[in-house]
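In what follows, a structure is listed as structure tokens, so that the remarks can point back to it.
Residue numbers (the numbering used here): 305 to 453.
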């Protein structure tokens, strides 16, 4: 009988890694090649120096145009979309059977919006915590309610 492979995605808005568990008491092991880094650009690198300006339709005045989006937020959303794409591709390749998502609350929301219905169907647990900066061994202790490591 083939073991059930459970992937654990650990993510925040700019970093992610995927760990695998292939059965009780087998621990969590990093999946080679599946560590991700998003863009950490400073705000001045993401936007122009000044907001745009527009002419008034009444009279001769001009006014500044406010930016309608947060460039850092846009990067985090794009990062979640990229992770969702990788998860969908690897599920199609049958690289994993079940998925647990461990992410900061905002990133967890972004991932929920981004993942496909096929990936959503194999999600067996979610943990709304940022565990990106702790070791794989420490991650296991945070998953005792959703996974027998």
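Virtual Cβ for every residue (Gly too), placed ideally from N, Cα, C. Given the structure is predicted, the values throughout are model-derived calculations rather than measurements.
A direct Cα-Cα distance of roughly 15 angstroms separates residue 312 from residue 398.
Taking 8 angstroms as the cut-off, the beta carbon of residue 379 is found no closer than this to the beta carbon of residue 315. One alpha carbon belongs to residue 430, the other to residue 376, and they sit about 24 angstroms apart.
Membership of residue 331 in any beta strand (DSSP E) is not indicated, and neither H nor E is assigned to it by DSSP. Taking 8 angstroms as the cut-off, the beta carbon of residue 384 is found no closer than this to the beta carbon of residue 432. Boundaries cannot be given for residue 308, as no alpha helix (DSSP H) includes it and DSSP labels it neither H nor E. Inter-residue distance for residue 395 and residue 421 is about 11 angstroms (C-alpha atoms, whole angstroms).
DSSP places residue 410 in the helix class (H, G or I) of the three-state scheme. The C-beta separation of residue 332 from residue 440 comes to about 5 angstroms, placing the pair in contact by the 8 angstroms criterion.
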